[in-house]
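Encoded as structure tokens, the structure appears first; notes follow it.
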Amino acid sequence: MADTPGPDSPQTPPARPDLARRNRRMLVGALTIVAGMVGLSFAAVPLYRVFCKATGFGGTTQVAEKGVDRVVDRTVTVRFDAEVNRELPWQFRPLQNAVQVKLGEVREIRYHAKNLSDKALVGTATFNVTPDKAGIYFNKIQCFCFTRQRLEPGQELDMPVTFFVDPSLADDPHMKDVATITLSYTFFLAADQTAAAVQDQAVKARPGG
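Residue 149 is where the sequence shown starts when you use the working numbering, and the numbers rise one by one after that.
Here's what the structure looks like:
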């Protein structure tokens, strides 16, 4: 027959309610942190883009609806560069290698693209300027990079870029050494190759779209 614990025998203490509540709070907190990290991972890319656009980080250029009223008597050379990713069988080049512009002066140049393949292809262009610190002063009013571009087999297309360099560049002591700005584009094969994708992108790019 099993011995019955006496009054002096050690007893297992019952679980304390406050400890159980603390453990539950720790579990909820850990799950909240994990969920927050997942959410931040999805938000990281758009937040990074907003940061680059606001600061010109990495040579990210600005977008303007129109030019500015102020033109200052300081000239910079704007050079144009073009590259095509090897997955996109296009020719792509600037029609002008460089132009000289006054700060605040609105200028338009054109790039030329040709589809070398036997099927219609949709391309999308990435861009930046160098030196990187000039990005916050380089404004584009119109650009083929705002939308995807679709070229039929063998089709050629001249694509305009309208831009100006913000005259406030002249007031920035960190920009005194900048005499040349290079605007570079790289065309890639778009992930979505439907004509509807091009139309949808064009609608989104319109003011208020």
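Glycine included, C-beta positions come from ideal geometry on N, C-alpha and C. Predicted, not measured: the structure shown is a model, and the values here were computed from it.
Discussion item. I need the boundaries of the beta strand (DSSP E) containing Q290, first residue and last residue.
Written reply: Stepping through the sequence shown from its first residue, residue 290 is reached at position 142. From DSSP, the beta strand (DSSP E) with Q290 extends over 286-291.
Worksheet entry | Cβ pair count under 8 Å reaching 3, the stretch 279-292 against the stretch 228-235 | no
Discussion item. What would DSSP say about K262, mapped onto helix, strand or coil?
Written reply: Along the sequence shown, one-based indexing puts residue 262 at 114. Strand.
Discussion item. From the DSSP secondary-structure annotation, give me the bridge partner or partners of F312.
Written reply: Working through the sequence shown from its first residue, we reach residue 312 at position 164. According to DSSP, which records beta bridges pairwise, F312 is partnered with N287.
Worksheet item: Is it true that the CB of V224 sits closer than 8 Å to the CB of F312?
Response: The sequence position of residue 312 within the sequence shown is 164, counting from 1. The sequence position of residue 224 within the sequence shown is 76, counting from 1. No; because the gap between Cβ atoms is not below 8 Å, this pair is not in contact.
Item to complete: Mind checking who Q297 pairs with in its DSSP beta bridge?
Response: For the purposes of this step, residue 297 is identified with residue 149 of the sequence shown, where counting begins at 1. DSSP lists G271 as partners of Q297.
Worksheet item: Would you report the Cα separation of F275 and H322, rounded to the nearest angstrom?
Response: Taking the first residue of the sequence shown as 1, we reach residue 275 at position 127. Taking the first residue of the sequence shown as 1, we reach residue 322 at position 174. Answer to the nearest angstrom: the Cα atoms are 23 Å apart.
Practice prompt. Quickly, what does DSSP pair K250 with across the bridge? List them, please.
Written response: Here residue 250 refers to the residue found at position 102 of the sequence shown. Note: K250 sits in a beta bridge opposite T223.
Item to complete: Report back the beta-carbon spacing between Q297 and G271 to the nearest angstrom; my notes put them in contact at under 8 Å.
Response: Reading the sequence shown from its first residue, position 149 is the one you call residue 297. Reading the sequence shown from its first residue, position 123 is the one you call residue 271. Right, their Cβ atoms sit about 5 Å apart.
Item to complete: In the DSSP assignment, find the unbroken beta strand (DSSP E) run with L337 in it and report its ends.
Response: Against the sequence shown, residue 337 aligns to sequence position 189. That run of the beta strand (DSSP E) goes 328-337.
Discussion item. Taking the straight line between their C-alpha atoms, what separation do you get for A268 and E304?
Written reply: Translated into the one-based positions of the sequence shown, residue 268 becomes position 120. Translated into the one-based positions of the sequence shown, residue 304 becomes position 156. Each residue's Cα considered, the two are about 12 Å apart.
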